[in-house]
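The next block holds one structure in the form of structure tokens; read it before the comments.
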């Protein structure tokens, strides 16, 4: 399950044997080895694993120990050594040799910039527009509000087959938590399954989850929702549904245990676990520092988005560059003032489980086939009955209408955005030899309708112009763009980029390139057809059963209609060269553009010499 294709997992399993001239089917046979393992465990207990650990790891002489020591001057030293080496090589070359290198470089750049000739492209097999499915893929959802008078909404997603597995997502509203305490929600969510609950300590709880389920964990969902389900216009971002979801899966016969563990972790998790929280926060700090250095494009994009709407600003506070400072501050507070932090954590739990309103904010999503959904129903009934809070017959109250009213977090977020003057070019200094270059802004304003053709144009930019000039010619590992029809936000991004200033220049040339391309598409309709097919490929990716249920649930939460999805798809298929011109003109007039770059101090100094100055701050 998950995003990894099942067929690919089978293929890789086959390759583990096939590569060494064994039968490819041997890598797929697990029942007999699993039965042998179970028999060995029954006979010797965990001794079988300790013996394997001793043999393969502890007593294994084939090992190496590597010590890595940080060096703050390494980058400058490396650059100086490289410059000296290149200078020495250049000095040793004759004028004829230098001219030859220059000529070869020009030839290489010309080849990199050249498009494949039509006759070469014609040799590649491809789909036609007639091969595409015209209808959107819709996934089942059957809603029961206030099921059994519980006050809880239940969404069922009945699929043809889920192989006897029930996928369960249980959401609980967290809008009552203040924005200040909302920054604790990521660590609070992790604590639910990692610090023990009820009679189980952290180890035994983990074992219970492993024995009875295929996994149980928490995640935060912050959905920007639409007031009108048929709207295709850019929204304000003021309306959100915020929930903490417990997501789990189990075979149908283990559903009772899964539901019991969900209730236990939500209501009785051990929040008074100072040492474990310190450990988790140190891991979070280390993970964030590593991730910002290794996946800087993700954090640059979050920072960019946070300047244009409140919901993205909140997301960045919780999981972006800003969250690193929050984690550091929280770690200091946990180490020096644990009672205060514990009180805040307990307040979060009491707030989301407030007896008067919590059931109205609860949402149970069940994905399974007919047999699975029937088999787990008794467990569902017990779960709904046993959850805390007052049901609709005993004074249960309604929460605010999140589709009509401004979310409480948005009000405070907007105030902070005004105070901080967030709309500025920023550079974040880390220890790295590459750059992650981001530039973004709005191409559509609030209230403007967005055509499905926008996804074709952005996909075309990503796989054409940006690929050629940022990756192939520029030498970056990746160059791409993002566009959100819901917010009107567009961004350029690069990944592990040896350039900074030059990449920003490439971004600035994208609109003119699209205008030129539009004229070419008029003469070569097969290129437009290829662009449309590429965009459709992203809309029709293969999904596992749990993904289908999750997508169906989120479509409902977001207040998206099947009609609006079909309209968007029709506009994708009907994209014309004129749509490229329209988008190009909008991109050229990008509203309030700004830059966010993660790179080294040396790269920012070089960019400043090119006139690209930014507000700099050290991150890692």
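Residue numbers (UniProt numbering): 1 to 620.
Glycine included, each C-beta is placed from N, C-alpha and C at the ideal position.
Values in this document were obtained by computation on a predicted structure and should not be read as measured data.
Environment of residue 114 [buried if 16+ CB atoms lie within 10 Å]: exposed
Beta-carbon proximity list for residue 472, same chain, < 8 angstroms, skipping 5 on both sides: 112
Residue 584 beta carbon less than 8 angstroms from that of residue 518: yes
Per-residue DSSP class, three states only, for residue 2: With a pLDDT of 49 at residue 2, under the threshold of 50, the modelled position of this residue cannot be trusted, and the question is left open.
Three-way DSSP call (helix, strand, coil) for residue 136 in this model: Here residue 136 sits in coil by DSSP.
Counted within 10 angstroms of its Cβ, other Cβ atoms place residue 2 as buried (16 or more) or exposed: Reliability of the predicted coordinates at residue 2 is poor, the pLDDT of 49 falling under 50, and no value is obtained from them.
Beta carbon of residue 614 nearer than 8 angstroms to that of residue 425: Yes, Cβ-Cβ distance for residue 614 and residue 425 is below 8 angstroms.
Exposure label - residue 20; buried when at least 16 CB within 10 Å: exposed
Spatial neighbours of residue 612 in its chain, beta-carbon cut-off 7 angstroms, leaving aside the 5 residues before and after: 501 and 504
Span separating the alpha-carbon of residue 132 from that of residue 529: 11 angstroms
Identity of the residue in 35, 119 and 222 nearest residue 238 by Cα: The candidate whose alpha carbon is nearest that of residue 238 is 222.
Same chain, Cβ closer than 7 angstroms to residue 403, neighbours up to 5 away in sequence not counted: 225, 227, 239 and 559
Burial state of residue 596, where buried means 16 or more other Cβ atoms lie within 10 Å: Its Cβ being crowded by 16 or more others within 10 Å, residue 596 is buried.
Residue 247 vs residue 169 beta-carbon contact at 8 angstroms: yes
Residue 197 beta carbon less than 8 angstroms from that of residue 264: yes
Residue 152 (DSSP reduced to helix, strand or coil): coil
Straight-line Cα distance separating residue 192 from residue 284: 16 angstroms
Expected contact under 8 angstroms - CB spacing of residue 492 and residue 447 to nearest Å: Their Cβ separation, rounded to whole angstroms, is 25 angstroms, which puts residue 492 and residue 447 out of contact at 8 angstroms.
Straight-line gap, residue 61 to residue 50 (C-alpha atoms, nearest Å): 17 angstroms
Cβ contact check for the stretch 335-354 and the stretch 143-161: 3 or more pairs under 8 angstroms: They do not touch, by the three-pair rule.
Inter-residue CB distance, residue 249 and residue 165 (contact presumed, cutoff 8 angstroms): Correct: roughly 6 angstroms between the Cβ atoms.
Opening and closing residue of the alpha helix (DSSP H) in which residue 600 lies: Premise fails: residue 600 is in no alpha helix (DSSP H) and is neither H nor E.
Residues sharing a beta bridge with residue 651, DSSP: Only positions 1 to 620 of the chain appear in the structure, and residue 651 is not among them; the question remains open.
Environment of residue 78 [buried if 16+ CB atoms lie within 10 Å]: exposed
Contact the stretch 376-388 vs the stretch 178-195: 3+ CB pairs below 8 angstroms: no
Assigned secondary structure, residue 423 (DSSP; H/G/I helix, E/B strand, else coil): Residue 423: coil per DSSP, three-state reduction.
Backbone secondary structure at residue 593 - three-state DSSP: DSSP places residue 593 in strand when its eight states are reduced to three.
Local conformation of residue 16 per DSSP, three classes: helix
Beta-carbon spacing of residue 287, residue 303 below 8 angstroms: no
With 16 other Cβ atoms within 10 Å as the buried cut-off, status of residue 458: buried
Residue 358 to residue 173 span [Cα, whole Å]: 7 angstroms
Alpha-carbon spacing of residue 315 relative to residue 252, whole angstroms: Computed Cα separation, rounded: 35 angstroms.
Element boundaries [alpha helix (DSSP H), containing residue 126]: That residue, residue 126, is in no alpha helix (DSSP H); it is neither H nor E in DSSP.
Alpha-carbon spacing of residue 592 relative to residue 312, whole angstroms: 16 angstroms
Cut-off 7 angstroms between Cβ atoms - residues of its own chain near residue 563, not counting five sequence neighbours on either side: Scanning its chain for C-beta atoms nearer than 7 angstroms, with the 5 sequence neighbours on each side dropped, one finds around residue 563 the residues 230, in chain order.
Pairwise C-alpha distance: residue 87 and residue 80: In a straight line, the C-alpha of residue 80 is about 10 angstroms away from that of residue 87.
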